[in-house]
Each structure stands twice: as C-alpha cells, then as structure tokens.
Amino acid sequence: MPLPSSSSTSFLMSVTSAVSSDYNSGVSNVPIEHQFNPYSDNGGTVLGIAGEDFAILAGDTRHTTGYSINSRYEPKVFSVGDELLITANGFAADGDALVKRFRNQLKWYHFDHKKNLTIKSAARFIQHLLYGKRFFPYYVHTIIAGLDEEGKGAVYSFDPVGSYEREQCRAGGGAASLIMPFLDNQVNFKNQMDPDSNGTEKKELKYLKLDEVISLVRDAFSSATERHINVGDGLEILIVTKDGVRTEYYPLKRD
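Below, the structure written as structure tokens:
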C-alpha cells in the first residue's frame, strides 16, 4: 500500500484541527452541570382506600417524562400474592425495582415459614427495604393495601426512607395535592357536620360501601385529568376482599 503524500497528510491535519476547534468552541459555550441527578419523575397518581371488609389501590396508566408520553398503559398498582396490593409511584425504575424485591422476598418468606404474610408484617418489611436504601433512596411514594387479621381493610403509606403509618385513605403522585383534600372530605369526613346538629357537631365517621368508594375514585381521577397533564389514559383499580383480588379498568382522557 502506498504511503500518503505530504500534501494529503497536511490536508487531513488541517481538517482535523478545524473540526476540533469547532467542537471545542461549541463545548465551551455549553453550561456544565456540577451535580449528578439520577432520578426522574415519570408522572401518574395512585391512591388507596380502606373499607370495612375490603381495600383498594388505584392508579392511572400514563407513563411520562417531562411533556412526553412514553406509554399509555403502564400499570402502577400490583397484586403480589397473599391478597396484598402494592404501588410505588414516582421514578418508574425505582418503583419496579422495589416491587420486584418485595415479590422475591415474599417467595422466600413462604419457603421459610410456610404461611402467608400479613399486611402488618408486609408494612414492616417494606419499611426495612426502604430504610436500607436511605443513602440512595427509592424515589417513590409507596402504598400497600390488604385485609388485617380481623378482616378489615388496611392501607399503609410510606415516605421514601421508610416512615409509615396506617391510614383510612392516602393519595400519592403528581395529582395527590388535588385528590387528597377530596378524599379527606369524602372518606375521612373532614369539615363535614351532622345536618341534624345545626352545624355544631361533626359528622360521625363510618366506612363507605365498595360501590361508593369506586364511584369516588373514578370522580377523583376524572377531575385530576382535567388539571394535571401527567395523569390520564386509563384508571386501574385493584380490589381485595375475603374472596380474593379483582381488577377493574376504566378509560380516562387521552389528551
């Protein structure tokens, strides 16, 4: 093979120098990010409500990044066995990882103890999973639902590092600030007075029926889709009763 001539070599060097100069000048004008942000918010909203003999978890199916819709059907609520429901909404990759870890540990629990995991023990175990990642936490709002030892509905909500409490209802995700006041009023009867007391006594707290809860959930998500761009496409509701777990799906706005 003949060697390149001196003229062709100098031409290549001049082109390389010009490209390098253009690249360096372009790079110098780009802001330098002095931090590493591994997280992303993939949108969506979830909620849980406990009834007298049932519990539900519900979530929309839209998966977003910024103003882009990545998927119109990406489930956020899962049945993991033992009549336990779980959702981890926020950064989808972290949510999937947390649910996968919990599923695997639930299998090991069955192998070791030969019995089902109770909702109370599941809440404690998820606390350990979240707290164990406290220095690089799962960027999610976690809610679990199921039936307690007395057959009553139970909902537990968690912050990203494992603090948790049992609640009657809880919403998480992008539209939580829109939905939670509605649930406080309609489920927890906050700011509701007994009509027979002329506004002097609070309304007595009572459990709602399943059909009432489903109607409330549908209204809550329908309203949220009108005001929040990261919520929409479909509503998936998981319902756990003494007879097992069933799923209901309702369409939401797609714009």
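At position 197 of the sequence shown the residue is numbered 338 (my numbering), and the sequence of numbers has no breaks. Ideal placement from N, C-alpha and C gives every residue a C-beta, glycine not left out.
Practice task
Would you list the one or two residues that DSSP bridges to G294?
Solution key: L288
Exercise for the section: State yes or no: is the C-beta of I320 within less than 9 Å of the C-beta of T205? Expected result: no
Exercise for the section: Closer than 7 Å by C-beta to K344: which residues in its own chain qualify, once you throw out the five before and the five after it? Chain order, please. Expected result: If we look at K344 and ignore the five residues flanking it on each side, its Cβ neighbours are F330, Q333, M334, D335.
Problem - Outcome for Q309 when other beta-carbon atoms lying within 10 angstroms are tallied against a minimum of 16 - result: buried
Handout entry: Through-space distance from E174 to K255, alpha-carbon basis
Key = Taking the straight line joining both Cα atoms gives about 52 Å.
Handout entry: Nearest residue (CA-CA) to V381, options L198, N170, E367
Key = L198
Handout entry: Selection from P179, D253, I284 that minimises the alpha carbon distance to Q268
Key = I284
Exercise for the section: Would you list the one or two residues that DSSP bridges to N245? Expected result: N245 is not bridged to any residue.
Exercise for the section: For S220, collect the residues of the same chain with a Cβ closer than 7 Å to its Cβ; drop the 5 residues on either side in sequence, then sort them by chain order. Expected result: Once the five neighbours on either side are set aside, the close Cβ partners of S220 are L226, L379, V386.
Handout entry: Local Cβ density within 10 Å of N326, reported as buried at 16 or more and exposed below that
Key = exposed
Problem - Assumed close pair A295, A361 - CB separation to whole angstroms, cut-off 8 Å - result: In fact, because the Cβ distance is near 20 Å, the residues do not count as touching under 8 Å.
Exercise for the section: Would you list the residues sitting across from T388 in a DSSP beta bridge? Expected result: L379
Exercise for the section: Let me know if R244 comes out buried or exposed under the rule of 16 or more other beta-carbons within 10 Å of its beta-carbon. Expected result: exposed
Problem - Residue from Q176, P172, D182 with nearest C-alpha to I370 - result: Nearest option by C-alpha distance: D182.
Practice task
Look at D223 and N257 and say whether their C-beta atoms are less than 9 Å apart.
Solution key: Yes, they are a contact pair.
Exercise for the section: Classify N326 as helix, strand or coil using the three-state DSSP reduction. Expected result: helix
Exercise for the section: Could you check if K217 is buried or exposed, using at least 16 other CB atoms within 10 Å of its CB as the buried criterion? Expected result: buried
Handout entry: Closest by C-alpha distance to H282, when choosing among D374, K261, L271
Key = L271
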